[in-house]
Every structure is written in structure tokens, then in C-alpha cells.
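Visitor: Each residue of the sequence shown is one higher than the one before, starting from 50 at the first, in the working numbering. First, the structure itself, so that you have it in front of you.
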Amino acid sequence: MDELVRRLPSPTLPGIQLPRLDTHKGWLFKWTNYLKGYQRRWFVLSNGLLSYYRTQAEMGHTCRGTIPLAAAQIELGDACHLLITNGGRSYHLKATSEAECQHWLSTLQQAKVNANALIHHSDDSGDEESPGPHDARVLSQGALKTLASKLDDLSTCNELIGKHGAALQRSLSEFEDLRGCANGTDKLKTVNERAALFRITSNAMINACRDFLDVAQSQNRRWQKTLQHEQEQRHYLETTIEQLAKQHNSLETAWREKPTSYTAGVLLTREVDESDENDEFFDAMEDAPSFITVNAETKHRRSGSSQSMMSGGVPSDWTLNENGTSDSNHMQLRRTRRSRIPDKPNYSLNLWSIMKNCIGKDLSKIPMPVNFNEPLSMLQRLTEDVEYSELLDRAARCDSSLEQMCLVAAFSVSSYSTTIHRTSKPFNPLLGETYELDRLQEYGYRSICEQVSHHPPAAAHHVTSQRGWALWQHITIDSKFRGKYISVMPLGKIHLKFHSSGIHYVWSKVTSTVHNIIVGKLWIDQSGDIDIVNTTTKDTCHLKFSPYSYFSRDVPRKVTGMVEDRDGTAHYILSGTWDEKMESAKIVDSSQGSGGSEGKQKTVYQTLQPKLLWKKYPLPDNAENMHYFSALALTLNEPEEGVAPTDSRMRPDQRLMEAGLWEEANTQKQRLEECQRLERKRREVQTLQAVEEGQEVEVHQPVWFKKKTDETTKEISYIYRGGYWEAKERQDWSMCPEIF
């Protein structure tokens with residue numbers, strides 16, 4: 050009997066002595082992030098797993114996270130703090146008192162010891178999250194170990210049942226033979242004992258079978274719930290992706306079928322809205338002395354000519370030249386230039402697969418295939434700033450510096466109109482690359498750009514016009530990839546000077562942001578402030594580019610501004626959008642209005658009817674298949690005779706991409722970038738040698754620009770040194786480096 054008892058399994062879990070797994074619940078503070086700090090969470094410790102919820106009510110449906118304690122490191126910090134580290138992730142917890150912290154620490158440590166002694170399956174409440182790969186492997190191994198021990202117990206019971214059954218059978222046979230003998234009583238006693246042993250062994254086997262079945266069923270339910278959860282998640286993701294794909298295809302199809310209907314609808318809506326606003330010009334601005342503008346009730350009512358102006362006809366007298374004719378007549382003097390380029394091939398490429406490892410890096414240092422480029426360089430994009438040069442021609446003829454400021458402000462906004470659909474990246478210019486644009490016959494100006502620095506990328510630009518003005522700028526691009534969007538921040542000042550008056554203007558650019566990098570259709574937004582300063586008269590103009598907001602009632606891409614004299618008196622109100630048009634309204638009176646938000650008073654300005662300063666040219670036909678290039682952009686890469694060998698038109702990769710040969714363009718792009726890297730390493734080696742030998746370090750010197758401290762802004766910038774157009778006339782390019 051004693052031998053049998055020693056060999057029999059435990060009635061509850063045969064062959065294994067279970068440690069007690071502690072269960073504990075309570076509130077703790079969990080660190081979330083630097084914005085929210087510590088947040089109160091409901092923690093539940095059960096079966097070696099520490100789960101947490103936002104509230105106790107969430108225990109029945111939503112678990113915010115689960116921490117397996119078997120392989121976790123539990124440490125006590127300062128001031129009631131606990132640190133739990135598991136799988137490379139750390140959880141910072143905080144209790145309300147030292148006693149509570151110590152109680153949690155001892156409970157968690159005991160639960161870790163118990164979990165290490167045996168990885169036991171949790172109860173079937175369904176509150177925990179589905180186990181991860183490591184946790185599932187540990188739980189599976191523990192379950193298999195338990196099932197194996199149960200199987201051993203069943204084998205032991207089967208062996209004992211067979212042995213005792215045979216002994217009982219022999220005893221019964223002997224009892225039949227000895228019926229009526231004197232020692233029958235002893236034999237009967239033996240039979241009873243063996244029958245009892247058989248019964249005990251059978252009961253033990255039944256218990257072991259029941260335990261085996263319970264473990265198997267419990268584990269099966271757990272895996273069924275895990276499988277169901279994974280299937281539901283997969284189905285949800287598949288449904289979401291399918292819906293996104295359908296929406297994307299429907300929008301793309303609708304746009305291709307009627308690309309102009311949406312624009313026309315927007316224009317019509319805006320014109321209707323503006324025609325109904327006879328009592329108020331536009332809403333009060335924020336982030337400035339609040340004001341409201343109303344039309345002055347004077348003889349300056351909207352006439353037929355102004356109606357024509359607002360509808361896109363001939364604008365006010367500001368748009369007329371000295372002969373009383375519109376600048377549009379210059380269209381007749383233009384040379385015949387190309388009006389189309391080869392259609393963009395329909396090549397698909399996953400942007401996220403290339404850029405997911407580049408978050409936070411400088412965009413100019415990321416090797417990008419031409420699939421994400423447009424067939425223009427950054428120097429050519431910079432030249433597009435003078436697309437609406439007629440605004441500066443009109444400004445040069447203004448007698449009033451304040452009216453001139455309005456036109457300059459409209460010109461600063463017009464440079465962004467070409468970017469509304471241009472989400473592709475221009476080619477990064479090579480060091481020493483140049484670009485010229487000679488429009489002397491058509492528009493009276495000539496432009497020259499040069500890449501003066503590669504890291505950081507910087508370009509210098511100079512434009513001179515026979516119609517009374519000169520413009521120059523030194524722009525450094527700082528671009529960052531943020532995961533969901535790309536921010537492009539131009540750094541540097543733009544200078545504009547009028548020859549007759551000597552008036553000098555200075556301003557800077559705003560930030561451009563490309564959204565929906567991961568999912569959705571790419572779209573671009575401009576946001577920030579532009580402060581234009583007349584350094585001669587000290588007049589100023591503050592322009593605000595409002596960032597797009599889904600919840601805003603304002604028109605998208607809104608730009609507002611105010612022109613003030615040196616004393617801070619407002620003279621003109623500016624309004625419009627950076628992709629459409631800009632208008633100005635002359636202020637004739639001002640007064641303090643009623644209290645605005647937060648108790649601030651709004652200044653009410655009475656203005657004359659607004660005048661159209663600038664309106665965007667319509668895009669050419671088939672522009673959606675030609676990278677959404679404007680009429681000017683289509684001509685920028687047109688081959689020209691006599692340009693410098695460093696001109697962007699000579700770039701082989703850019704030329705091949707424009708022709709639709711993208712694979713060949715990628716090969717040439719990689720070759721050029723590798724040559725540029727080798728050249729940079731060579732210069733670095735020369736610099737180190739010069740430093741070691743105590744010689745003067747030779748730095749890159751631009752050919753057509755020189756570094757100089759600007760007298761107005763006191764900033765170091767690159768100024769045109771002259772000589773390019775003379776060299777072109779002589780066709781002497783001996784000073785140009787070989788970069789292509």
C-alpha cells in the first residue's frame with residue numbers, strides 16, 4: 050500500500066507541485082510621454098502577467114498592455130518609483146506611497162519567482178492582450194511540459210492498473226479454489242485489499258485523465274482566442290486598405306476625367322462669396338492688432354471697370370504701362386518657344402520603402418531615384434521666382450512707395466503659385482552647376498544662378514532687368530523628412546532694388562511642406578510669415594501664410610497682409626491666396642471697434658474697393674501629364690545654344706528623365722553623384738595636407754559669384770561678380786569646371 054501511494058500522482062496535478070501565483074490589483078501611475086507625463090492606470094497582476102487599463106471598467110473589453118514577468122527585470126527607484134524592463138522596453142511606474150510601492154515590489158518579485166518556476170496558462174477572462182512571439186513560445190513550452198507530465202502520470206497509472214488487475218484476477222481464482230477451506234478468511238482479506246488498490250489506482254487515473262483534458266481544453270481555448278484576434282485584426286486591416294485603395298482610385302479617376310471642373314467650381318464659389326461680401330472685405334486677422342475692414346460709403350463704389358477687373362479682365366491703372374496699354378501686349382513680342390515636353394511615364398515606386406530609414410535626416414543627403422524628381426534642377430526652380438516679372442516692371446513705374454510695396458508683396462506671393470501641384474523633388478545641383486535664363490527680348494531681364502555650396506546646399510541668383518530693377522538672392526535649403534511629411538525651409542534673404550529711385554527691399558521665404566508621404570495623395574502647403582522691409586523709406590509689409598486646417602472656415606492657402614509706413618500707420622490691406630491671386634484695398638479711415646475675443650478691441654478699417662494686383666496664369670493643356678509645369682517651366686530645360694558647359698540644360702540624367710528614359714537617367718544620376726563624392730573626398734584630402742604642411746587651405750571659389758557681407762542686412766552672402774554674359778558673348782568658358 051505504501052509503495053502504491055508513493056507512486057500515485059497528485060489528485061490535482063499529477064506529478065507536479067504547483068507554486069502559488071499571486072494575484073493583485075490596484076492603481077499606479079505610468080509614464081506615457083513628455084507631453085502627458087505620468088497617467089493613472091489600473092494594474093492587474095495575474096498568473097505572472099501584469100496588465101494595465103485606463104479604468105477598471107476597461108477590464109472587460111480593452112487591455113492597454115501586458116508585461117510578462119518571467120523574463121522581466123524589476124527594480125526599485127527613488128520616491129516610490131518602480132522600473133520594469135522586459136524585451137528591451139522599460140516601464141516607469143509610480144505608487145502613491147512608500148508602503149504601497151514596497152507591497153507592489155514584493156508582490157511582483159514573488160510573481161516573477163513563481164512564473165519562472167512554472168510558466169502556467171492564464172485564466173480565460175480574455176482581458177490580456179494576445180501574447181507576442183516570445184511570450185507565446187514560453188507559454189507553449191510550459192503547456193507542453195505540463196501535458197507531458199500528465200502523460201507520464203497516465204502511463205504510471207496504466208502500469209499499476211494492469212499489475213493490480215492481474216493480481217486481483219489471480220486472487221479471485223484462488224478464492225474459487227479455496228472456497229470452504231479454513232484459510233478462506235485470509236484469502237478474502239487479500240482479495241479485498243487488492244480490490245481496494247485497483248479502485249484507488251483507477252480513481253487516480255480518472256483524475257489524471259480529467260486534468261489532462263482540462264489542460265488541453267484550456268490551452269486550446271487560449272489559442273482559439275489568439276487566432277480569432279489575429280484574424281479579426283487581419284480582416285480589419287484588409288478592409289481598411291481596400292477602402293483606401295478604392296477612394297484613391299475613384300479620386301484619381303475623377304480628376305483625370307475632369308481635371309478642370311474642380312478648379313472651376315472653386316473659382317465660382319469664391320467669386321460668389323466675394324460678391325456677397327459688400328459690407329466686409331475679410332475677417333479680422335489673428336496674431337496682430339485685430340482689425341476689421343469695411344467698404345467706405347463714398348463715391349468710390351464698384352464701377353463697371355472694377356467689375357471687369359474682379360472677373361479677371363483688365364486690372365486697375367496700376368497694370369498699365371507708360372503708353373496706357375496693358376503689359377499683356379508684350380505677349381506679341383515673345384519668341385516662339387516650346388509648349389510641351391514628353392508625357393511623364395506611369396512608373397510606380399514605393400516611397401516609404403526608400404525613406405523609412407531616413408526619418409530626421411537632411412533630405413539633400415538621401416539617395417533618391419529620379420522617380421521622385423521632376424526634370425528641372427533647383428537652380429531652374431529658383432529662376433521660376435521671376436515668372437511674374439511684370440509685377441516688378443509695374444512697381445518700377447510707381448511714384449508712391451506704398452503702392453510699390455503692394456506690388457512687391459504680390460510678387461513675393463506669386464513665386465509660390467507654381468508649387469500647388471509640384472510635389473516632386475527637383476534635382477540637387479552639382480557644385481559649380483549654373484543656369485542662365487535670357488529673356489531680354491521678351492521681358493527685358495536676364496537671370497544667372499550658380500550652386501556655390503554643396504553641404505549645405507546653397508545657390509546664388511542674380512537678375513537684372515532693362516525695365517528698372519535688379520533682384521538677387523542667396524538661398525540655403527534646410528529640408529527634413531518627418532515621417533508623414535517633408536519640410537523644406539529656405540534660409541536667406543531676397544533683395545530687390547529699383548534703379549531710378551534707389552529703393553531697396555529685403556524679405557525671406559516661408560516654409561514649404563509636402564504632406565501624405567506614407568499614405569494618400571501628396572499635397573503641398575506654404576505656411577509662415579514674410580516681412581518685407583523698404584530699407585530706404587522704412588515702410589513695411591507683413592504677410593501671413595495661413596497653414597491649411599480641415600476645421601478652418603477660411604479659404605485654403607489664404608494670405609493676408611498689411612502695408613504700414615515707418616510710423617506704423619496702416620495704408621493698405623492685402624488679401625488673397627498664394628495659388629490664385631492677390632488684391633489690395635486702400636485704407637481711408639480707421640476706428641476702434643467693439644471688444645473682440647479675450648477682451649481685445651478690434652480696429653475697424655474703412656477701405657476703398659479692392660484692386661487686383663496679381664492673378665495666376667492658367668496651366669497649359671495636358672499639364673497634369675507634364676509634371677504640372679507652367680508655360681515658363683516648360684521652356685526652362687529647352688536646349689539653348691551658347692550656354693555654359695555647366696548649365697543645368699547639359700545634365701545627362703535630367704535630360705534623359707525629361708525624355709522618359711528613367712532607367713538610363715538613374716544610371717547617369719548615380720554616376721554623377723559618385724563623381725561628386727570622389728571630388729569632395731579629394732578636396733578634403735588636400736585640405737588636410739594643407740593644414741599639416743601649414744599652407745593656406747584652398748576652398749571652393751564660385752566662378753560667377755563672390756562671398757561678401759551685405760551692407761543692408763550685415764549677413765554674409767554671395768553677390769554676382771559679373772562677367773558671365775560677356776563670357777557668353779565671347780564663348781570663352783575656360784574658367785568653368787567639368788562637372789558632367
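Idealized CB from N, CA, C, for every residue including glycine.
Touch check for the segment 443-458 and the segment 512-520: three-plus C-beta pairs under 8 Å?
Guide: Yes, they touch.
Visitor: Is the beta carbon of Arg90 less than 8 Å from the beta carbon of Lys74?
Guide: In the sequence shown, the residue the question calls residue 90 occupies position 41. In the sequence shown, the residue the question calls residue 74 occupies position 25. No.
Visitor: Are three or more beta carbon pairs between the segment 707-723 and the segment 449-468 nearer than 8 Å?
Guide: No: fewer than three Cβ pairs fall under 8 Å.
Visitor: Count the other C-beta atoms from every protein chain shown that fall within 10 angstroms of the C-beta of Trp556, then say buried if there are 16 or more, exposed otherwise.
Guide: To locate residue 556, count along the sequence shown from 1; it is residue 507. Trp556 should be labelled buried.
Visitor: Quick check: the Cα distance between Gln218 and Cys258, rounded to an integer number of angstroms?
Guide: Here residue 218 refers to the residue found at position 169 when the sequence shown is read from its first residue. Here residue 258 refers to the residue found at position 209 when the sequence shown is read from its first residue. Those two C-alpha atoms are separated by around 25 Å.
Visitor: Around the C-beta of Ala313, are 16 or more other C-beta atoms found within 10 angstroms, so that it is buried, or is it exposed?
Guide: Position 264 of the sequence shown, counted from the first residue, corresponds to residue 313. Because the pLDDT of Ala313 is 39, which lies under 50, any placement of that residue in the model is unreliable, and the number read from its coordinates should be weighed accordingly. Burial call: exposed.
Visitor: Give me, in chain order, the residues of the same chain whose beta-carbon lies closer than 6 Å to that of Ser32; leave out the 5 immediate sequence neighbours on both sides.
Guide: As shown, the chain starts at 50 and ends at 789. That puts residue 32 outside it, with no answer to give.
Visitor: Should Asn252 go down as buried or exposed, given a rule of 16 or more other Cβ atoms within 10 Å for buried?
Guide: The residue you call residue 252 lines up with position 203 of the sequence shown. Asn252 comes out exposed.
Visitor: Return the CA-CA distance between Gln522 and Asn583, expressed in angstroms with no decimal places.
Guide: Position 473 of the sequence shown, counted from the start, is the residue given in the question as residue 522. Position 534 of the sequence shown, counted from the start, is the residue given in the question as residue 583. The alpha-carbon atoms of Gln522 and Asn583 are separated by roughly 16 Å.
Visitor: In the segment 422-455, which residue ranges form an unbroken alpha helix (DSSP H) of at least 4 residues, counting only runs that do not cross its ends?
Guide: Here the runs fully enclosed are 427-432, 439-445.
Visitor: Should Pro667 be labelled buried (16 or more other beta-carbon atoms within 10 Å of its own) or exposed?
Guide: Here the question's residue 667 lines up with position 618 in the sequence shown. Result: exposed.
Visitor: Check whether the segment 735-751 touches the segment 487-498, taking contact to mean three or more Cβ pairs, one atom from each stretch, closer than 8 Å.
Guide: The segment 735-751, when compared against the segment 487-498, does not touch it at the 8 Å Cβ threshold.
Visitor: So, with DSSP's three-state summary, where would you put Met417?
Guide: The sequence position of residue 417 within the sequence shown is 368, counting from 1. In the structure shown, Met417 sits in coil (DSSP, three-state: anything other than H, G, I, E or B).
Visitor: Give the DSSP-derived three-state secondary structure of Phe247 in the structure shown.
Guide: Taking the sequence shown and counting its residues from 1, the one referred to as residue 247 is at position 198. Looking at Phe247 - three-state DSSP - the assignment turns out to be helix.
Visitor: Distance, Cα to Cα, Met108 vs Gln280?
Guide: Residue 108 sits at position 59 when you count from the first residue of the sequence shown. Residue 280 sits at position 231 when you count from the first residue of the sequence shown. Those two C-alpha atoms are separated by around 22 Å.
Visitor: Using a beta-carbon distance below 8 Å, is Ser438 in contact with chain D?
Guide: This model lacks chain D altogether, as it is built from one protein chain only.
Visitor: In or out: Glu827 buried (at least 16 other Cβ within 10 Å) or exposed?
Guide: This structure leaves residue 827 out entirely; the chain is present only between 50 and 789.
Visitor: Do three or more CB pairs link the segment 678-686 to the segment 432-443 at distances below 8 Å?
Guide: Segments in contact, yes.
Visitor: Nearest CA to the CA of Thr156: which residue from His110, Gly97, Glu208?
Guide: Against the sequence shown, residue 156 aligns to sequence position 107. Checked all of His110, Gly97, Glu208; the closest Cα to Thr156 is Gly97.
Visitor: In angstroms with no decimal places, state the Cα-to-Cα distance between Ser502 and Val93.
Guide: Locating residue 502 in the sequence shown gives position 453, counting from the first residue. Locating residue 93 in the sequence shown gives position 44, counting from the first residue. When rounded, the distance between both Cα atoms is 60 Å.
Visitor: For Tyr492, I'd like the list of residues in its chain whose CB is within less than 6 Å of its CB, leaving aside the five on either flank, ordered along the chain.
Guide: Your numbering for residue 492 matches position 443 in the sequence shown. Here the set comprises Ser438.
Visitor: Taking the beta carbon of Met706 as the centre, do at least 16 other beta carbons fall within 10 Å, making it buried, or is it exposed?
Guide: Counting from one through the sequence shown, the residue named residue 706 turns up at place 657. Under this definition Met706 is a buried residue.
Visitor: Span of the alpha helix (DSSP H) holding Ala509?
Guide: Residue numbering aside, residue 509 sits at position 460 when the sequence shown is read from its first letter. Taken as a continuous stretch (DSSP letters only), Ala509 belongs to no alpha helix (DSSP H), being part of the beta strand (DSSP E) at 507-514.
Visitor: Could you name the residues of the same chain whose beta carbon sits closer than 8 Å to that of Cys129, not counting the 5 residues immediately before and after it, in chain order?
Guide: Within the sequence shown, numbered from 1, the residue matching residue 129 stands at position 80. Closer than 8 Å at Cβ, skipping near neighbours: Lys143, Ala144, Thr145, Ser146, Glu147, Glu149, Cys150.
Visitor: Tell me which residues share the same chain as Thr626 and place their Cβ nearer than 8 Å to its Cβ, disregarding the 5 neighbours each side in the sequence.
Guide: Within the sequence shown, numbered from 1, the residue matching residue 626 stands at position 577. Closer than 8 Å at the Cβ level, and outside the excluded window around Thr626, lie Val604, Pro605, Arg606, Lys607, Val608.
Visitor: If contacts are defined as beta-carbon pairs under 8 Å, then Glu815 and Gln500 qualify, I think. What distance do you get, rounded to the angstrom?
Guide: Any answer about residue 815 is impossible in this case: the structure gives the chain only from 50 up to 789.
Visitor: Can you tell which of Leu154, Ile768, Glu423, Asp201 has the C-alpha that lies nearest to the C-alpha of Lys542?
Guide: Taking the sequence shown and counting its residues from 1, the one referred to as residue 542 is at position 493. Per the Cα distances, Ile768.
Visitor: Nearest to Trp76 by CA position, among Tyr83, Lys274, Ser100, is which residue?
Guide: Taking the first residue of the sequence shown as position 1, residue 76 is located at position 27. Among Tyr83, Lys274, Ser100, the Cα nearest to that of Trp76 belongs to Ser100.
Visitor: Does the Cβ of Tyr465 have 16 or more other Cβ atoms within 10 Å, making it buried, or fewer, making it exposed?
Guide: Stepping through the sequence shown from its first residue, residue 465 is reached at position 416. Classification of Tyr465: buried, given that the 10 Å Cβ count is 16 or more.
Visitor: Can you tell me whether DSSP reads His548 as helix, strand or coil?
Guide: For the purposes of this step, residue 548 is identified with residue 499 of the sequence shown, where counting begins at 1. Residue state, collapsed to three classes: coil.
Visitor: On the CB-based measure, 16 or more other CB atoms within 10 Å of its CB, does Gln641 come out buried or exposed?
Guide: Along the sequence shown, one-based indexing puts residue 641 at 592. By the neighbour-count rule (16 or more Cβ atoms within 10 Å), Gln641 is not buried but exposed.
Visitor: So is Val740 buried or exposed if we call it buried at 16+ other beta carbons inside 10 Å?
Guide: On the sequence shown, position 691 is the one that residue 740 refers to. That one is exposed.
Visitor: Three-state secondary structure (DSSP) at Ser388?
Guide: For the purposes of this step, residue 388 is taken as residue 339 along the sequence shown, with counting starting at 1. Correct three-state label for Ser388: coil.
Visitor: Excluding sequence positions up to five away, which residues of its chain have a Cβ less than 7 Å from the Cβ of Asn422?
Guide: The residue given as residue 422 occupies position 373 in the sequence shown. So the qualifying residues of the chain are Ser473, Lys474, Pro475, Phe476, Met706.
Visitor: Along the chain, where does the beta strand (DSSP E) that runs through Thr115 open and close?
Guide: As a position in the sequence shown, residue 115 is number 66, starting the count at 1. 114-117 is the span of the beta strand (DSSP E), which, as asked, contains Thr115.
Visitor: To the nearest angstrom, report how far apart Asp202 and Ile249 are at their CA atoms.
Guide: Position 153 of the sequence shown holds residue 202. Position 200 of the sequence shown holds residue 249. In a straight line, the C-alpha of Asp202 is about 14 Å away from that of Ile249.
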